[in-house]
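Novice: Mind looking over this structure? Questions follow.
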Amino acid sequence: MAVITTKGVEKVYNPDKIPVKALKGVDLEIEAGEFTAIVGPSGSGKTTLLNIIGGLDRPTAGYVEVGGEDISQMSDNTLIDFRKEHIGFVFQAYNLIPVLTARENVEFVMLLQNRSKAERHARADELLKAVGLEDKVHKRPAELSGGQQQRVAVARALAPKPTFILADEPTANLDSESTANLLDIMARLNQEEGVTFVFSTHDQRVIDRARRVVTLVDGKVDEDLRR
Amino acid sequence: MAWRNVWRSPTRSWVVISAIALGIWAALSLTGFATGMMKSYVNSAIENSVGHLQIHAPGFTEEYDLQKQLPPASELSTQLEALPQLQAYSMRTVVSGMASSSQGARGVMVKGVEPEQEAAVSAIEEKLVEGEFFPEMRGNAVLIGQELAEKLNLKLRSKMVLTFQGLDREITAAAFRVVGIFDTGNTPFDGGTVFVEREDLNRLIIAQADTTTVQSDLVYEAALLLNDVDQVDTVAALLETALPGQEVKTYREVSPDLELYESQIQNVSMIYLVVILLALVFGIINTMLMAVLERIKELGMLMAIGMNKLRVFSMIVLETILLGIVATPIGLLLGYLTINYVRENGINMSAYSEGMASYGLSQVIYFDVEPGVYTQMAVGVFLTAILAAIYPALKAIRLKPVDALHSF
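Structure, rendered in structure tokens:
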């Protein structure tokens, strides 16, 4: 079953002045449990596509369905709630909340979902254990290495039990060891728990581990490889 | 989280907290100063001779027409003495006249008083800088102010002539000897008021041909000092019933300038307060805007992962309110300590005493504020903080997560 469907997605920036077509009709279906890398040269539209799939931006034409719902027509507030329940984000720059501890960062979305304290605690500890950070629950981001921060970010993305996780160049700021470590964790979560991952990446190490590689060139799908 | 965000940049937060606290302190001190000044002015007026309440025949104070007399002094005394709220009273004969010496002449109010009564009502006796308060002597003694003494070049024991109309509207003049010089610190009062004994004044205004007027009964003004200034209105109402047809005025009505002064001071301090609060508003806006702008990426992330606009807005407002909650008690405490200290010890304004005196103010100002002012201030600052937080908070929720994150 497809968790993400894009149909004829186009995105034009600056439509009134000097129009820039970032996406020129992208049709894509991503099935539950896939481990997909979206690759392509700079300016190929990877980030734009991810923004649109993640409900952070709207297509100029076409539509995007997540879990069967058309998110391209949702109001801003509905979209915020939709993202909270269905989409987990992992950012290139980790983007943890600096004033909160690792556990509190993981709990944060669940707090927005009004889950009970006990439930939040239990789930955060379970997820931090899953990413190998059970001994860092009370550390703040500044006290963690880049790799550890990104693992907290993965745990945070998983916390609300989202339909899928979007990761924007998650390894761009990491060294080889941290990258391998993070990829191991994500691959295990994908295989053992069936979590759907969609990455945008330049990183060959990530591309090598992906089971599906979608290549964008000039705003169109150029190649779609399943391994 | 808002609380922790506040302490993300402790220096910046402390700068805002200090600004708010100093603002409250300044506003409180200013109010204390203004209220203190006002009370000093009112008290000096009350002490100098106004008293808390005055009774006149209707219309007397308009032209000082000597035909408009109060009921006989003996009757009036009996009625006044029955008042339980009364501390002291002074029966006066008041005429408008001219004081002259070889140096020149000045218009003055001549107040004929009974020394013992007057000493109990006004503080003139304590304000004497030279001489004595009506020593035992043979008639026609006068107390004059320092200001008048200088203008007319009069010294202790100098002779001066007071000229005024008598009861029969004929001009009367008599020589008086200066027995004391007072300095109340209120220049207009000191230059325009002289005190003589009522007995002497009554004798002079009653024409020799007039045999029906009883000298000791002739009285034009009764000044009353109450045990408690707050009872002024109650006693005024009582007296109006007890003395139908007479004019009973509180110190505010006697000296309308007091009321004007009160409202002026209140207006001025209100303006200062608004200026201080405005400065606070901009200080807070500036800081919170910085706090928002340096967190754009983080706010974008919060909105991306599902924090809705209402929560983002509330978070920013709450951060500002927390700053206010920390700062307000500090400011209130500082203000309270300052006001209490100056309430006890006073601020010596003698460097400006000439200017102060010409407005009838004493040289030492004791701060004073009504207890309600503290609450008003706290509420004012709280509302200011909320008001100031709105713009940065709006700025925060107008961010588009995709732009705020720059790259996703």
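In order, the protein sequences belong to chains A and B. Residue numbering for the first sequence follows my numbering, starting at 1 and increasing by one per position. Residue numbering for the second sequence follows my numbering, starting at 228 and increasing by one per position. Here a beta-carbon is modelled for each residue, glycine too, at the ideal position from N, C-alpha and C.
Taking DSSP as the reference, what is the three-state secondary structure of threonine 477 of chain B?
Specialist: Here the question's residue 477 of chain B lines up with position 250 in the second sequence. Correct three-state label for threonine 477 of chain B: strand.
Novice: DSSP on phenylalanine 164 of chain A, reduced to helix/strand/coil?
Specialist: As a first step, residue 164 of chain A is located in the first sequence; it is residue number 164 there, counting from the start. The answer is strand: DSSP assigns phenylalanine 164 of chain A an E or B state.
Novice: Give me the Cα-Cα distance between alanine 272 of chain B and glycine 278 of chain B, rounded to the nearest whole angstrom.
Specialist: Position 45 of the second sequence, counted from the start, is the residue given in the question as residue 272 of chain B. Position 51 of the second sequence, counted from the start, is the residue given in the question as residue 278 of chain B. Each residue's Cα considered, the two are about 8 Å apart.
Novice: Residues in the same chain with beta-carbon distance under 6 Å from glycine 510 of chain B, minus the five sequence neighbours each way, listed in chain order, please.
Specialist: Position 283 of the second sequence holds residue 510 of chain B. Around glycine 510 of chain B: Ala246.
Novice: Any Cβ of chain B within less than 8 Å of the Cβ of arginine 103 of chain A?
Specialist: Indexing the first sequence from 1 puts residue 103 of chain A at position 103. It does not: the Cβ of arginine 103 of chain A has no partner Cβ on chain B nearer than 8 Å.
Novice: In the segment 511 to 537 of chain B, which residues sit with their C-beta less than 8 Å from some C-beta in chain A, listed in chain order?
Specialist: Within the segment 511 to 537 of chain B, the residues whose Cβ lies closer than 8 Å to some Cβ of chain A are Lys524, Glu525, Met528, Leu529, Met530, Ala531, Ile532, Gly533, Met534, Asn535 and Lys536, listed in chain order.
Novice: Would you list the one or two residues that DSSP bridges to tyrosine 488 of chain B?
Specialist: For the purposes of this step, residue 488 of chain B is taken as the residue at position 261 of the second sequence. According to DSSP, tyrosine 488 of chain B bridges with nothing at all.
Novice: Check tyrosine 447 of chain B in the structure and name its three-state DSSP category.
Specialist: The residue labelled residue 447 of chain B in the question sits at position 220 within the second sequence. It is coil, neither helix nor strand.
Novice: So, under 8 Å CB-CB, alanine 350 of chain B and glutamate 274 of chain B are touching, yes? Tell me the CB distance rounded to an integer number of Å.
Specialist: As a first step, residue 350 of chain B is located in the second sequence; it is residue number 123 there, counting from the start. As a first step, residue 274 of chain B is located in the second sequence; it is residue number 47 there, counting from the start. Alanine 350 of chain B to glutamate 274 of chain B, Cβ: 4 Å. Contact.
Novice: Indicate the three-state DSSP secondary structure (helix, strand or coil) for aspartate 630 of chain B in the structure shown.
Specialist: What you label residue 630 of chain B is simply residue 403 of the second sequence in a count that begins at 1. In this structure, aspartate 630 of chain B counts as helix in the three-state DSSP scheme.
Novice: Less than 8 Å between the C-beta atoms of alanine 641 of chain B and threonine 547 of chain B, yes or no?
Specialist: With chain B covering 228 to 635 only, the question about residue 641 of chain B has no answer from this structure.
Novice: Note down the Cα distance separating arginine 522 of chain B from isoleucine 244 of chain B, rounded to an integer number of angstroms.
Specialist: For the purposes of this step, residue 522 of chain B is taken as the residue at position 295 of the second sequence. For the purposes of this step, residue 244 of chain B is taken as the residue at position 17 of the second sequence. Spanning the two alpha carbons is a distance of roughly 20 Å.
Novice: What did DSSP end up calling glycine 25 of chain A once you bin it into helix, strand or coil?
Specialist: Here residue 25 of chain A refers to the residue found at position 25 when the first sequence is read from its first residue. Here glycine 25 of chain A sits in strand by DSSP.
Novice: Taking the continuous beta strand (DSSP E) assigned at lysine 338 of chain B, which residues delimit it?
Specialist: On the second sequence, position 111 is the one that residue 338 of chain B refers to. Counting along the chain, the beta strand (DSSP E) containing lysine 338 of chain B begins and ends at 331 to 340.
Novice: Which chain A residues sit within Cβ distance under 8 Å of arginine 235 of chain B?
Specialist: For the purposes of this step, residue 235 of chain B is taken as the residue at position 8 of the second sequence. Within 8 Å Cβ-Cβ: Pro98 and Val99.
Novice: Buried or exposed, going by whether 16 or more other CB atoms sit within 10 Å of the CB of serine 72 of chain A?
Specialist: Taking the first sequence and counting its residues from 1, the one referred to as residue 72 of chain A is at position 72. Buried, since its Cβ has 16 or more Cβ neighbours within 10 Å.
Novice: Please classify threonine 47 of chain A as buried or exposed, where buried requires at least 16 neighbouring CB atoms within 10 angstroms.
Specialist: Locating residue 47 of chain A in the first sequence gives position 47, counting from the first residue. Flag for threonine 47 of chain A reads buried.
Novice: I think arginine 404 of chain B touches asparagine 367 of chain B, with their Cβ atoms under 8 Å apart; what is that distance to the nearest whole Å?
Specialist: Here residue 404 of chain B is taken as the residue at index 177 of the second sequence, counted from 1. Here residue 367 of chain B is taken as the residue at index 140 of the second sequence, counted from 1. Confirmed, about 6 Å.
Novice: Counting only Cβ-Cβ distances shorter than 7 Å, please list the residues of the segment 105 to 126 of chain A near chain B, keeping chain order.
Specialist: Those would be Val109 and Leu112, in chain order.
Novice: Enumerate in chain order the residues of its own chain whose CB-to-CB distance from threonine 179 of chain A is below 6 Å, with the five nearest sequence positions on each side excluded.
Specialist: Here residue 179 of chain A refers to the residue found at position 179 of the first sequence. Taken in chain order, the residues that qualify are Thr171 and Arg205.
Novice: When you compare each of A:Asp208, A:Val64, A:Ile18 and A:Lys21 to isoleucine 30 of chain A by their alpha carbons, which one comes out closest?
Specialist: Position 30 of the first sequence, counted from the start, is the residue given in the question as residue 30 of chain A. If we check each option's Cα against that of isoleucine 30 of chain A, A:Val64 comes out closest.
Novice: Methionine 528 of chain B and asparagine 181 of chain A: beta carbons closer than 8 Å?
Specialist: Position 301 of the second sequence holds residue 528 of chain B. Position 181 of the first sequence holds residue 181 of chain A. Cβ atoms of methionine 528 of chain B and asparagine 181 of chain A: not closer than 8 Å.
Novice: Please state the DSSP three-state secondary structure of glutamine 344 of chain B.
Specialist: Numbered from its first residue, the second sequence carries residue 344 of chain B at position 117. Looking at glutamine 344 of chain B - three-state DSSP - the assignment turns out to be helix.
Novice: How far does the beta strand (DSSP E) with glutamate 352 of chain B in it reach, from first residue to last?
Specialist: Locating residue 352 of chain B in the second sequence gives position 125, counting from the first residue. Taken as a continuous stretch (DSSP letters only), glutamate 352 of chain B belongs to no beta strand (DSSP E), as it is neither H nor E.
Novice: Taking Cβ-Cβ distances below 8 Å as the criterion, which residues of the segment 9 to 20 of chain A are in contact with chain B?
Specialist: Flagged: no residues at all.
Novice: Can you list, in chain order, the stretches of the beta strand (DSSP E) that have 3 or more residues and sit fully within the segment 55 to 103 of chain A?
Specialist: Counting whole runs of 3 or more residues, the segment 55 to 103 of chain A contains the beta strand (DSSP E) stretches 61 to 66 and 87 to 90.
Novice: Does leucine 158 of chain A get closer than 8 Å to chain B when you measure Cβ to Cβ?
Specialist: Here residue 158 of chain A corresponds to residue number 158 of the first sequence, with the count starting at 1. Judged by the 8 Å Cβ criterion, leucine 158 of chain A is not in contact with chain B.
Novice: Kindly indicate the opening and closing residues of the beta strand (DSSP E) around glycine 533 of chain B.
Specialist: Within the second sequence, the letter at position 306 stands for residue 533 of chain B. Element bounds for glycine 533 of chain B: n/a, residue is neither H nor E.
Novice: Please confirm if arginine 83 of chain A has its CB atom under 8 Å from at least one CB of chain B.
Specialist: The sequence position of residue 83 of chain A within the first sequence is 83, counting from 1. Output row for arginine 83 of chain A: interface = yes.
Novice: Relative to the C-alpha of leucine 158 of chain A, which residue among A:Gly45, A:Glu193, A:Glu134 and A:Thr101 is closest?
Specialist: Residue 158 of chain A sits at position 158 when you count from the first residue of the first sequence. Closest by alpha carbon: A:Glu193.
Novice: Do the CB positions of threonine 555 of chain B and valine 596 of chain B come within less than 8 Å of each other?
Specialist: Here residue 555 of chain B is taken as the residue at index 328 of the second sequence, counted from 1. Here residue 596 of chain B is taken as the residue at index 369 of the second sequence, counted from 1. No.
Novice: Answer with yes or no whether the minimum CB distance from phenylalanine 197 of chain A to chain B is below 8 Å.
Specialist: Counting from 1 along the first sequence, the entry for residue 197 of chain A is found at position 197. Judged by the 8 Å Cβ criterion, phenylalanine 197 of chain A is not in contact with chain B.
Novice: Aspartate 203 of chain A CB to nearest chain B CB: under 8 Å?
Specialist: As a position in the first sequence, residue 203 of chain A is number 203, starting the count at 1. Taking Cβ atoms only, chain B never reaches closer than 8 Å to aspartate 203 of chain A, which makes this a no.
Novice: Give the straight-line distance between the Cα atoms of isoleucine 624 of chain B and glycine 533 of chain B, rounded to the nearest whole angstrom.
Specialist: Along the second sequence, read from residue 1 onward, the residue named residue 624 of chain B stands at position 397. Along the second sequence, read from residue 1 onward, the residue named residue 533 of chain B stands at position 306. Spanning the two alpha carbons is a distance of roughly 13 Å.
Novice: Put serine 236 of chain B into one of helix, strand or coil per three-state DSSP.
Specialist: Numbered from 1 along the second sequence, position 9 holds the residue referred to as residue 236 of chain B. Serine 236 of chain B falls in the coil class under three-state DSSP.
Novice: When you compare the segment 182 to 202 of chain A with the segment 109 to 119 of chain A, are there three or more beta-carbon pairs, one atom per stretch, that lie closer than 8 Å?
Specialist: With the cut-off at 8 Å, the segment 182 to 202 of chain A and the segment 109 to 119 of chain A do not touch.
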